[in-house]
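Structure, as structure tokens:
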Amino acid sequence: MDLKELIKKIEEDARFCGQIFYNADRSSLDISSKEGQNNFVTKYDKMVQEEIKKRLAVTFPDAVFVGEEEAEHAPVDKGWVFVVDPIDGTANFIRDFHMSCISIALLKDGDPVLGVIYNPYAEEMFTAIKGEGAFLNGEPIHVSDKELSGGFIIFGSASYYDDIRDKSYEILSRYEKKALDTRRSGSAALDMCAVACGRAEMFFELRLCPWDYAAAGLLVKEAGGAAHRIEGGDLTYDRNCSVFAANALCKDEWKNMV
Ligand code: 2AM
Ligand code: CA
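The sequence shown: position 76 = 75 (numbering that gives the first Met the number 0), numbered continuously.
In structure tokens:
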């Protein structure tokens, strides 16, 4: 499999599907609640997922599809598997906040080897192939060389989970004092892309789903940064986990986090 050939096609699939939610008819989003708190889905999450599933099946028929909005998820640990979030930043999409993306990871035997993240609002296409570096709109990107003291921390407050929300702010309060400032966008994938391209130095969120970080974790690592669980250890793709991402100078900050 020539991943360089494949990624070009996946970029086109992502661009097409990004335009679907970018051009959404905002008068009929059909918002409904999912499990947990503050967890919404719109007809566009489902529509984009159907379209990207259809397109990826043509682009690379050998791969199984795992998408956030499916009721049942296929195993991800064997063979080729697409792990897809049709809209990362759904709450932003509902509010027209212009901070959402489509995220596509391709796993081989449980390991991400390719990632494509497209933000149609900024027309930014983030891409990475394992071992080949990370790119933004075709140009190589790298994590920043700033220390935390001069850096931005981006975080997600895991607001969907009562048990860890307070803990997120406790961690933030400790780390904010050590940094220049903090940001919170509502799209974990775009937050991690910001670390990958040097707009921010560090990201954390106590619980995310594999489709939120599968592609973005590869982006960060291919851009010279670190991406793993906050407690240490590899990101997991068969279940939720915490996420820490940082540039090389901040890569040890996870050690005192939890
Ligand atoms: P989403 O927009 O695809 O739902 C914001 O903190 C991040 O958390 C977003 O990337 C968001 O992805 C993700 N998120 C939303 N609901 C979640 C849930 N129930 N579990 C885990 N992550 C979630
Ligand atoms: Ca989503």
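Cβ atoms here follow ideal geometry from the backbone N, Cα and C, with glycine treated the same way.
- Between the region 139 to 146 and the region 221 to 236, the count of C-beta pairs closer than 8 angstroms reaches three or more; the two stretches touch.
- Within the chosen limit of 6 angstroms, ligand 1 reaches the beta carbon of Y159 through at least one heavy atom.
- Residues whose Cβ lies closer than 7 angstroms to any heavy atom of ligand 2, listed in chain order: D44, E67, D84, P85, I86, D87, T89, W210.
- When secondary structure is reduced to three states using DSSP, I19 falls in the helix class.
- Burial is judged here by how many other beta carbons sit within 10 angstroms of a residue's own beta carbon; H227 has at least 16 and is buried.
- Beta-bridge annotation (DSSP): N118 is paired with E123.
- Closest in C-alpha terms to R164, from the list N37, D1, E122, R198, comes N37.
- Looking only at L218, L2, A247, the smallest Cα-Cα distance to K107 is reached by L2.
- Rounded to whole angstroms, the separation of the alpha carbons of L55 and E11 is 10 angstroms.
- Along the region 42 to 106, the beta strand (DSSP E) occurs as fully enclosed runs of 3 or more residues at 63 to 66, 79 to 87, listed in sequence order.
- Taking a C-beta distance under 7 angstroms as the contact criterion, V82 and V63 do not qualify as a contact pair.
- Excluding five sequence positions before and after E230, the CB atoms of its chain that fall closer than 7 angstroms to its own CB belong to S241, V257, given in chain order.
- A straight-line Cα-Cα distance of about 6 angstroms links Y212 and A188.
- Annotation for M0: no beta strand (DSSP E) segment contains it, and DSSP assigns it neither H nor E.
- Taking C-beta atoms as the reference points, F243 and E200 fail to come closer than 7 angstroms.
- Under the DSSP assignment, C240 falls in the beta strand (DSSP E) whose first and last residues are 240 to 245.
- Cβ atoms of F125 and L218 come within 8 angstroms of each other, at about 6 angstroms.
- Around the CB of V57, fewer than 16 other CB atoms lie within 10 Å, so the residue is classed as exposed.
- Counting only residues of its own chain and dropping the five nearest sequence neighbours on each side, V112 has a CB closer than 8 angstroms to the CB of L2, L105, L106, I128, K129, L217.
- Taking S102 as reference, the option from E67, P74, N136 with the minimal CA-CA separation is E67.
- Taking the Cα of L147 as reference, the smallest distance to any Cα among A247, A121, S27 is reached at A247.
- Distance between I6 and T89, taken at the CA atoms: about 25 angstroms.
- For R183 against G137, the beta-carbon gap comes to about 29 angstroms, at or over 8 angstroms, which does not count as contact.
- In this structure, the C-beta of S241 stays at least 6 angstroms away from each heavy atom of ligand 1.
- By the 16-neighbour rule on beta-carbons within 10 angstroms, P74 is exposed.
- Placement of the Cβ of L135 at a distance of 6 angstroms or more from every heavy atom of ligand 1 is found.
- Around the CB of G232, fewer than 16 other CB atoms lie within 10 Å, so the residue is classed as exposed.
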